[in-house]
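Inspection log for the structure reproduced underneath, given as structure tokens.
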Ligand SMILES: Cc1ncc(COP(=O)(O)O)c(C=O)c1O
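The following block contains the structure:
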């Protein structure tokens, strides 16, 4: 069954870019024997574009950080001659304009081994870029209930979470399915040492007293762009932020918690394993960060550290 937050066939974009060429979305197809499919030899990225209604401008948020991460993943996966950051930047703007998007949207980039090959094939490399309308998720406002999954996070020396490889989402899927089956809105995945890693598609922050805490980049997480943005926003506002190991039982002690990522943005976490977090309602720091994040991504605020983070789609045309 198709997930509710995915576009129906009627809502899919008119155009996609495949191998650098703009084409109808329905024509963008890969081989059924592509190693990108058969052995999950695929690196991808997800970015958001935010509509600024006053200026009638759409800005893509932190293209540079997303493309750096994509480049690292493609290098680690040893893909032959994948598109450059300039190629992808051009294609992101081209496909967004071709679909005439003037509202909040989501962009997905993929680079994979196409055609037919074994699991060590490094080419031919195919790539795709799509952009679709995607409003804010309702959980941004109302939050979600989480559980700790029984599945453990894949490790850096086996299937490194630091790269955004589709293969890593087997682990995410298993945890996410378990949470869904048990009636929760999301999962928290622990490392083999019992410390907190992240969720299936986002990072975790908790507040204890005046301190904002999040697992560090060596704790089995994707080096999240949203996580980095929130750390910088919080520090700029004079808050104390600790990047360190988080124990499972610390989750139950938290005064508030939230889940973050490009797609989810900032989702309040209301309970863990049926135990309410703080008051069981979205916390005050979560609300402050949601407000500051929204101002930043829409171009209503430009703290000193954020130069170059917004790429206008229509202003340059
Ligand atoms: C496993 C995982 N962790 C964290 C994140 C958040 O990363 P970002 O903020 O760069 O979107 C994502 C989102 O794509 C993810 O899939």
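Numbering (the numbering used here), first residue to last: 2 to 318.
Even for Gly, the Cβ is constructed at its ideal location relative to N, Cα and C.
* At a cut-off of 6 Å, is residue 312 close to ligand 1 when judged by its beta-carbon and the heavy atoms of the ligand? -> For the purposes of this step, residue 312 is taken as residue 311 along the chain shown, with counting starting at 1. Checking every heavy atom of ligand 1 against the Cβ of residue 312, none is found closer than 6 Å.
* To do: Specify, as a first and last residue, the run of the alpha helix (DSSP H) that residue 29 falls within.
  => The count along the chain shown starts at 1 and reaches residue 29 at position 28. That residue, residue 29, is in no alpha helix (DSSP H); it is neither H nor E in DSSP.
* Kindly list the residues whose CB is nearer than 7 Å to the CB of residue 155, restricted to its own chain and excluding five residues on each side of it in sequence; keep chain order. => Along the chain shown, read from residue 1 onward, the residue named residue 155 stands at position 154. Once the five neighbours on either side are set aside, the close Cβ partners of residue 155 are 162, 169 and 172.
* Unbroken beta strand (DSSP E) run spanning residue 111, endpoints -> Taking the first residue of the chain shown as 1, we reach residue 111 at position 110. Start and end: 106-114.
* Span of the beta strand (DSSP E), counted from its first residue to its last, around residue 62 -> By one-based count along the chain shown, residue 62 stands at place 61. Unbroken beta strand (DSSP E) run through residue 62: 58-62.
* Any idea which residues DSSP pairs residue 130 with across the strands? -> Mapped onto the chain shown, residue 130 falls at position 129. Paired residues: 18 and 110.
* Is the CB-CB distance between residue 198 and residue 188 below 7 Å? -> Taking the first residue of the chain shown as position 1, residue 198 is located at position 197. Taking the first residue of the chain shown as position 1, residue 188 is located at position 187. Against a cut-off of 7 Å, the Cβ pair of residue 188 and residue 198 comes out as no contact.
* Okay, do the region 125-133 and the region 106-115 touch, 3+ Cβ pairs below 8 Å being the bar? -> yes
* Asked: With burial defined as no fewer than 16 other Cβ atoms inside 10 Å of the residue's Cβ, what is the status of residue 85: buried or exposed?
  -> On the chain shown, position 84 is the one that residue 85 refers to. Answer is exposed; the Cβ neighbour count stays below 16.
* Pick from 245, 282, 226 and 270 that is closest to residue 69, judged by C-alpha positions -> Numbered from its first residue, the chain shown carries residue 69 at position 68. When only C-alpha atoms are compared, the closest one is 226.
* To do: Report all residues from its chain with a CB closer than 6 Å to the CB of residue 49; omit the five preceding and five following residues, and keep chain order.
  => Your numbering for residue 49 matches position 48 in the chain shown. 62, 107 and 263, listed in sequence order.
* Report yes or no: do three or more beta-carbon pairs, one from the region 140-153 and one from the region 25-37, lie closer than 8 Å? => no
* Asked: Can residue 196 be considered in contact with ligand 1, in the sense that its beta carbon sits closer than 6 Å to one or more heavy atoms?
  -> The residue you call residue 196 lines up with position 195 of the chain shown. The answer is no for residue 196.
* Can residue 47 and residue 113 be called in contact, C-beta distance under 7 Å? -> Against the chain shown, residue 47 aligns to sequence position 46. Against the chain shown, residue 113 aligns to sequence position 112. Result no, Cβ atoms of residue 47 and residue 113 do not sit closer than 7 Å.
* Would you give the residue range spanned by the alpha helix (DSSP H) that residue 154 belongs to? => Residue numbering aside, residue 154 sits at position 153 when the chain shown is read from its first letter. First-last for residue 154: undefined, no H or E at that position.
* To do: Determine which residues share a DSSP beta bridge with residue 257 and list them.
  => Along the chain shown, one-based indexing puts residue 257 at 256. Residue 257 is bridged to 208.
* When 33, 185, 57 and 210 are compared against residue 256, the one with the closest alpha-carbon -> Numbered from 1 along the chain shown, position 255 holds the residue referred to as residue 256. For the residues 33, 185, 57 and 210, the minimum Cα distance to residue 256 belongs to 210.
* To do: Report the rounded CA-to-CA distance for residue 241 versus residue 286, giving the unit in angstroms.
  => Numbered from its first residue, the chain shown carries residue 241 at position 240. Numbered from its first residue, the chain shown carries residue 286 at position 285. Distance between the alpha carbons of residue 241 and residue 286: 12 Å.
* State yes or no: is the C-beta of residue 100 within less than 7 Å of the C-beta of residue 14? => What you label residue 100 is simply residue 99 of the chain shown in a count that begins at 1. What you label residue 14 is simply residue 13 of the chain shown in a count that begins at 1. Yes; because the gap between Cβ atoms is below 7 Å, this pair is in contact.
* Three-way DSSP call (helix, strand, coil) for residue 241 in this model -> The residue given as residue 241 occupies position 240 in the chain shown. Three-state result, residue 241: strand.
* **For residue 272, the nearest candidate out of 316, 184 and 231 (CA to CA)** => Translated into positions along the chain shown, residue 272 becomes position 271. That would be 184, whose Cα lies nearest to the Cα of residue 272.
* Which partner residues of residue 169 appear in the DSSP bridge assignment? -> Numbered from 1 along the chain shown, position 168 holds the residue referred to as residue 169. According to DSSP, which records beta bridges pairwise, residue 169 is partnered with nothing at all.
* Tell me residue 214's beta-bridge partners as DSSP assigns them. => Here residue 214 corresponds to residue number 213 of the chain shown, with the count starting at 1. DSSP, once it has assigned bridges, lists 207 and 243 as partnering residue 214.
* Asked: Name the DSSP beta bridge partners of residue 252, please?
  -> The residue given as residue 252 occupies position 251 in the chain shown. The partner list for residue 252 (beta bridge, DSSP) is empty, contrary to what the question assumes.
* **Opening and closing residue of the beta strand (DSSP E) in which residue 268 lies** => For the purposes of this step, residue 268 is identified with residue 267 of the chain shown, where counting begins at 1. Counting along the chain, the beta strand (DSSP E) containing residue 268 begins and ends at 266-273.
* Within the same chain, show all residues whose beta-carbon is closer than 6 Å to that of residue 60, passing over the 5 residues directly before and after it, in chain order. => As a first step, residue 60 must be located in the chain shown, where it is residue number 59. So the list reads 51, 300, 311 and 313, once near-sequence residues are dropped.
* Asked: Alpha carbon to alpha carbon, how far is residue 119 from residue 41?
  -> Counted from its first residue, the chain shown places residue 119 at position 118. Counted from its first residue, the chain shown places residue 41 at position 40. Their Cα atoms are separated by approximately 11 Å.
* According to the Cβ coordinates, are residue 92 and residue 18 closer than 7 Å? -> The residue labelled residue 92 in the question sits at position 91 within the chain shown. The residue labelled residue 18 in the question sits at position 17 within the chain shown. It is a contact, given that the beta carbons lie within the stated cut-off.
* Would you mind giving the Cβ-Cβ distance between residue 123 and residue 81, rounded to the nearest angstrom? I have them listed as a contact below 8 Å. => Here residue 123 refers to the residue found at position 122 of the chain shown. Here residue 81 refers to the residue found at position 80 of the chain shown. 5 Å between Cβ atoms; contact.
* Could you name the residues that DSSP lists as bridge partners for residue 51? => Along the chain shown, one-based indexing puts residue 51 at 50. Its beta-bridge partners are 60.
* DSSP on residue 1, reduced to helix/strand/coil? -> Outside the shown range of the chain (2 to 318) lies residue 1, about which nothing can therefore be said.
* Where residue 319 sits in the DSSP three-state scheme -> One cannot answer for residue 319 here, as it falls past the ends of the chain, which runs 2 to 318.
* Asked: Comparing the CB of residue 204 with every heavy atom of ligand 1, is any distance shorter than 6 Å?
  -> Position 203 of the chain shown holds residue 204. Yes; taking the cut-off as 6 Å, the Cβ of residue 204 has a heavy atom of ligand 1 nearer than that.
* Asked: Which value, in whole angstroms, describes the spacing of the CA atoms of residue 45 and residue 195?
  -> Stepping through the chain shown from its first residue, residue 45 is reached at position 44. Stepping through the chain shown from its first residue, residue 195 is reached at position 194. Approximately 28 Å between the Cα atoms of the pair.
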